[in-house]
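Taking it in order: structure first as structure tokens, then the write-up.
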Amino acid sequence: MDRHLRKHRGELIGASLQCHLCPAAFTCKSKLMGHVRTHTGERPYSCVYCNASFGHKYTLVRHIRTHTGERTFSCVHCSASFSVKGKLIEHMRTHTGERPFSCVKCSASFTLKGSLVKHMRTHTGERPYSCVKCSASFTRKGSLVQHMRTHTGERPYSCVLCNASFTRKEILVKHMHTHTGERSFSCIHCNASFGQKSGLWTHNRKHAGERFFGCVDCNTFFSTKYGLTVHMRTHTGERPFSCVHCSASFSKKAHLTEHMGIHTGERPYSCVRCNASFARKGCLTKHMRIHTGKHSFSCIHCITSFSEEHNLMKHMSHHHGNKNA
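See below:
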């Protein structure tokens, strides 16, 4: 009981069990032994289902649940259940709205400590994850993993309906919509529908007339902070998204992603009617007009129409002397 109370009070007073490899001290022998293994690399607790081994028994117990499917910790508000108590605690914050991890430099707060750590790097500029093959560095380990695939050529996310494969899961998800046509998120105000919830959320702001984010250099307002951020680059000239393979840089991440297809060969936008695929969504849209026969660009002087705007402009110049009315 006394040891339990000391843990709550955070007391290390009288912690006579000191690590001989660093200044850490502990009040019980099992904690010290577990700590020493972080120095020695010893992993005495082995999984009977796979080759994994661990330095702590409780870590093994948690791991075993990934094999057995046991989810001991259940939410009292919904049907969610978890194999680890800490995951349940994190989940409960989605119900309570609790955001216990606050930034000391701005008003941002977070439900997860890891999210705060990542956020702090936007203030400090720290980029702890560096590429061993080039000078690129990143604030998140996941970003480095994705980046490394540009060097290794690894494309772990494969389409089950065609031969396409991708370096990132989100690109595969977008690609699958070209096969299924799935647009699960529908607007209740109009016929618009979206493949992703974020797209519907942004769209609904247009109906509500919400344009909270104003430019300090001109009178333009935006419904999303991201829209304002991108707009501000037209004033500052900032192009923060740089290609690691050439000197190109871009004001939007989406433009860099499209550009990277030149180097990686990724063509995530596939035609559902033939084998054609494209690096850019706009190119797929133009291509689809070949199949649909849709001619969106009509001449105001005659009945001629075209599937692409540049062909209309050529027509206007050649036949109507480039008249605008």
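No gaps in the numbering here: position 82 of the sequence shown is 82 in full-length UniProt numbering, and each next residue is one more. Don't be surprised by glycine CBs; every beta carbon is placed ideally from N, CA and C. Treat the numbers as computed from the prediction; the structure is a model and nothing was measured.
Original post:
Pick from 320, 73, 303: whose alpha carbon is nearest that of residue 89?
Top reply: Locating residue 89 in the sequence shown gives position 89, where the first residue counts as 1. The option with the nearest alpha carbon to residue 89 is 73.
**OP:** Write down every uninterrupted run of the alpha helix (DSSP H) in the stretch 258 to 293 whose length is 4 residues or greater and which is fully enclosed by it, in chain order.
**Re:** With a minimum length of 4 residues, the continuous alpha helix (DSSP H) runs that stay inside the stretch 258 to 293 are 281 to 292.
Original post:
To which residues of the same chain is residue 37 closer than 6 Å at the C-beta, ignoring the five residues directly before and after it?
Top reply: Position 37 of the sequence shown, counted from the start, is the residue given in the question as residue 37. 55.
Original post:
How many angstroms separate the CA atom of residue 232 from the CA atom of residue 270?
Top reply: Counting from one through the sequence shown, the residue named residue 232 turns up at place 232. Counting from one through the sequence shown, the residue named residue 270 turns up at place 270. Rounded to the nearest angstrom, the two C-alpha atoms are 33 Å apart.
**OP:** List the DSSP bridge partners of residue 18.
**Re:** Taking the sequence shown and counting its residues from 1, the one referred to as residue 18 is at position 18. Paired residues: 25.
**OP:** Measure the alpha-carbon distance for residue 17 versus residue 41 and round it to whole angstroms.
**Re:** Reading the sequence shown from its first residue, position 17 is the one you call residue 17. Reading the sequence shown from its first residue, position 41 is the one you call residue 41. Spanning the two alpha carbons is a distance of roughly 20 Å.
Original post:
When the Cα of residue 114 is compared with those of 107, 105, 99, which residue comes out closest?
Top reply: Position 114 of the sequence shown, counting from 1, holds the residue named residue 114. Ranking the options by Cα distance to residue 114, first place goes to 99.
**OP:** Please list, in chain order, all residues of the same chain as residue 175 whose beta carbon is under 8 Å from its beta carbon, the five residues on each side excluded.
**Re:** As a first step, residue 175 is located in the sequence shown; it is residue number 175 there, counting from the start. Within the same chain, Cβ atoms closer than 8 Å to the Cβ of residue 175 are found at 159, 164, 166, 268, 269, 270, the five residues on either side in sequence being excluded.
Original post:
residue 58 by DSSP, collapsed to three states: which one?
Top reply: As a first step, residue 58 must be located in the sequence shown, where it is residue number 58. In the three-state reduction of the DSSP assignment, residue 58 falls in the helix class, which pools H, G and I.
Subject >> Beta carbon proximity, residue 100 to chain C, threshold 8 Å >> reply: The question asks about chain C, but that chain is absent: this structure has only one protein chain.
Original post:
With 16 as the cutoff for other CB atoms within 10 Å, does residue 259 come out buried or exposed?
Top reply: Stepping through the sequence shown from its first residue, residue 259 is reached at position 259. Burial call: buried.
Original post:
Which parts of the stretch 95 to 132 are runs of the alpha helix (DSSP H), unbroken and 4 residues or longer, counting only runs that do not cross its ends?
Top reply: Those alpha helix (DSSP H) runs which fall completely within the stretch 95 to 132 and span 4+ residues are 113 to 124.
**OP:** Starting from the Cα of residue 106, find the closest Cα among 216, 121, 93 and give me that residue.
**Re:** Counting from 1 along the sequence shown, the entry for residue 106 is found at position 106. The option with the nearest alpha carbon to residue 106 is 121.
**OP:** Specify, as a first and last residue, the run of the alpha helix (DSSP H) that residue 142 falls within.
**Re:** Walking along the sequence shown from the start, residue 142 turns up at place 142. Start and end: 141 to 152.
**OP:** Look up residue 157 in the DSSP assignment and say whether it is helix, strand or coil.
**Re:** Translated into positions along the sequence shown, residue 157 becomes position 157. In the structure shown, residue 157 sits in a strand (DSSP, three-state: E or B).
Subject >> residue 330 - containing alpha helix (DSSP H), residue span >> reply: Any question about residue 330 goes unanswered here, given that the chain covers just 1 to 325.
Subject >> Residue nearest to residue 226 in terms of C-alpha spacing, selected from 253, 266, 30 >> reply: Counting from 1 along the sequence shown, the entry for residue 226 is found at position 226. Measuring from the Cα of residue 226, the nearest candidate turns out to be 253.
**OP:** Give the secondary structure of residue 69 by DSSP, where H, G and I count as helix, E and B as strand, and everything else as coil.
**Re:** Within the sequence shown, numbered from 1, the residue matching residue 69 stands at position 69. Three-state DSSP puts residue 69 in coil, outside helix and strand.
Original post:
Does the beta-carbon of residue 300 have 16 or more other beta-carbons within 10 angstroms, so that it is buried, or is it exposed?
Top reply: Counted from its first residue, the sequence shown places residue 300 at position 300. By the neighbour-count rule (16 or more Cβ atoms within 10 Å), residue 300 is not buried but exposed.
Original post:
Does the Cβ of residue 303 have 16 or more other Cβ atoms within 10 Å, making it buried, or fewer, making it exposed?
Top reply: As a first step, residue 303 is located in the sequence shown; it is residue number 303 there, counting from the start. It is exposed - the Cβ of residue 303 has fewer than 16 other Cβ atoms within 10 Å.
Subject >> For residue 245, the first and last residue of its enclosing alpha helix (DSSP H) >> reply: Along the sequence shown, one-based indexing puts residue 245 at 245. It is not in any alpha helix (DSSP H) - residue 245 carries neither H nor E in the DSSP assignment.
Subject >> Nearest candidate by alpha-carbon position, reference residue 130, set 184, 138, 317 >> reply: Taking the sequence shown and counting its residues from 1, the one referred to as residue 130 is at position 130. The shortest Cα separation from residue 130 among 184, 138, 317 belongs to 138.
**OP:** Whole angstroms is fine: what's the gap from residue 311's alpha carbon to residue 192's?
**Re:** As a working mapping, residue 311 is identified with position 311 in the sequence shown. As a working mapping, residue 192 is identified with position 192 in the sequence shown. For residue 311 and residue 192, the distance between alpha carbons rounds to 29 Å.
Original post:
Quick one: Cα of residue 117 to Cα of residue 101, how far?
Top reply: Position 117 of the sequence shown, counted from the start, is the residue given in the question as residue 117. Position 101 of the sequence shown, counted from the start, is the residue given in the question as residue 101. Rounded to whole angstroms, residue 117 to residue 101 spans 9 Å at the Cα level.
Original post:
What are the boundary residues of the alpha helix (DSSP H) that residue 180 is part of?
Top reply: Numbered from 1 along the sequence shown, position 180 holds the residue referred to as residue 180. Segment 169 to 180, the alpha helix (DSSP H) holding residue 180.
Original post:
Quick one: what's got a C-beta closer than 7 Å to residue 10's C-beta in the same chain, skipping five residues either side?
Top reply: Looking up residue 10 in the sequence shown gives position 10. Note that residue 10 scores a pLDDT of 41, beneath 50, so its modelled location is shaky; the value from the coordinates is reported in the next line. So no residue of the chain qualifies.
Subject >> Contacts around residue 63, its chain only, beta-carbon distance under 8 Å, and the 5 residues preceding and following it disregarded >> reply: Position 63 of the sequence shown holds residue 63. Within the same chain, residue 63 has close Cβ partners 47, 52, 54.
Subject >> Residue burial classification, residue 112 (beta-carbon count within 10 angstroms, cutoff 16) >> reply: In the sequence shown, counting from the first residue as 1, residue 112 sits at position 112. Here residue 112 is exposed. Its C-beta has fewer than 16 other C-beta atoms within 10 Å.
Subject >> Spatial distance of residue 281 from residue 287 (CA atoms) >> reply: As a working note, residue 281 is residue 281 in the sequence shown. As a working note, residue 287 is residue 287 in the sequence shown. Residue 281 and residue 287: Cα-Cα distance of roughly 10 Å.
**OP:** Decide if residue 5 is buried, meaning its Cβ has at least 16 other Cβ atoms within 10 Å, or exposed.
**Re:** Taking the sequence shown and counting its residues from 1, the one referred to as residue 5 is at position 5. In this predicted model, residue 5 has a pLDDT of only 44, less than 50, meaning its place in the structure is not dependable; the value taken from the coordinates is given anyway. Counting Cβ neighbours within 10 Å, residue 5 comes out exposed, since fewer than 16 surround it.
Subject >> From 142, 170, 103, residue whose alpha carbon lies closest to that of residue 157 >> reply: The sequence position of residue 157 within the sequence shown is 157, counting from 1. In this structure, 170 is the residue among 142, 170, 103 with its C-alpha nearest to the C-alpha of residue 157.
**OP:** Can you tell me the Cβ-Cβ gap for residue 247 and residue 241, rounded? I've got them flagged as a contact below 8 Å.
**Re:** Start at 1 with the first residue of the sequence shown, and residue 247 comes out as number 247. Start at 1 with the first residue of the sequence shown, and residue 241 comes out as number 241. No, residue 247 and residue 241 are not in contact; Cβ-Cβ is about 13 Å, not under 8 Å.
Original post:
Quick one: what's residue 214 bridged to in DSSP?
Top reply: On the sequence shown, position 214 is the one that residue 214 refers to. In the DSSP output, where bridge partners are listed per residue, residue 214 has 221.
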